[in-house]
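Asker:
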Amino acid sequence: MKLWNDTKITHYYLDSFGRDATSWLLFEGDVAISVYSFFSQKRSFEVLEAVEDTSFLVLSHEKLMQLYQQFPEFNYIGRILTENYYIKAEEKANELRVFSATERYQHLIQKYPNIIARVPLGMISSYHGITQSTLSRIRSKKPN
Numbered sequence: 139m140k141l142w143n144d145t146k147i148t149h150y151y152l153d154s155f156g157r158d159a160t161s162w163l164l165f166e167g168d169v170a171i172s173v174y175s176f177f178s179q180k181r182s183f184e185v186l187e188a189v190e191d192t193s194f195l196v197l198s199h200e201k202l203m204q205l206y207q208q209f210p211e212f213n214y215i216g217r218i219l220t221e222n223y224y225i226k227a228e229e230k231a232n233e234l235r236v237f238s239a240t241e242r243y244q245h246l247i248q249k250y251p252n253i254i255a256r257v258p259l260g261m262i263s264s265y266h267g268i269t270q271s272t273l274s275r276i277r278s279k280k281p282n
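Going by my numbering, the sequence shown opens with residue 139, and the numbers climb by one from there.
#1: Identify, in the order they occur along the chain, each residue of the same chain with its Cβ nearer than 7 angstroms to the Cβ of Tyr214, setting aside the five sequence neighbours on each side.
#2: May I ask you to verify whether the region 180 to 187 touches the region 196 to 205, counting CB pairs closer than 8 angstroms and requiring at least 3?
#3: So, using beta-carbon positions, are Val169 and Tyr250 closer together than 8 angstroms?
#4: So the candidates are Lys226, Phe155 and Thr160; which of them puts its Cα closest to the Cα of Gly267?
#5: Name the residue from Leu205, Arg157, Ser264 and Leu164 whose alpha carbon lies nearest to the alpha carbon of Ala188.
#6: Any C-beta of chain C sitting closer than 8 angstroms to the C-beta of His245?
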């Protein structure tokens, strides 16, 4: 699904303790998809939840396959969307591996300056794999 207008969607899954773990924060212009579920046609591990009023377009797997068949040039668009998804996924994985929680938070604020007004802090801390109290400490520190 392609997001339009002032839209925010979160992807989350339940961790081994039954807590929500935010895996993606998506905004206007992003493509919201559970890749595993969409392409395998199996039940998703993730939940996609709109947390603001949302306008979007929906494309079923069946319709996508029809588009690929009828319009071979659409395969190019599909490839570009897939490449963009994997770039974002690798960026997120690399941030989790390489950067400190403070650096991850600073990158998020640089990329989405108004995120604090739009996303609950609990989702932001979960997205970064830290507790809300750790996020509060990070936010209370003066930037260098």
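We treat Cβ as the ideally placed atom computed from N, Cα and C, and that holds for glycine.
Answerer: Looking at the coordinates:
#1: Walking along the sequence shown from the start, residue 214 turns up at place 76. Close CB contacts of Tyr214 within its chain, under the 7 angstroms cut and outside five residues either way in sequence, are absent.
#2: With the cut-off at 8 angstroms, the region 180 to 187 and the region 196 to 205 do not touch.
#3: Working through the sequence shown from its first residue, we reach residue 169 at position 31. Working through the sequence shown from its first residue, we reach residue 250 at position 112. In this structure, Val169 sits away from Tyr250, with a CB-CB distance that is not shorter than 8 angstroms.
#4: Stepping through the sequence shown from its first residue, residue 267 is reached at position 129. The residue among Lys226, Phe155 and Thr160 with its C-alpha nearest the C-alpha of Gly267 is Thr160.
#5: Here residue 188 is taken as the residue at index 50 of the sequence shown, counted from 1. Cα-wise, what sits closest to Ala188 is Leu164.
#6: Note that chain C does not occur in the displayed structure, where there is just one protein chain.
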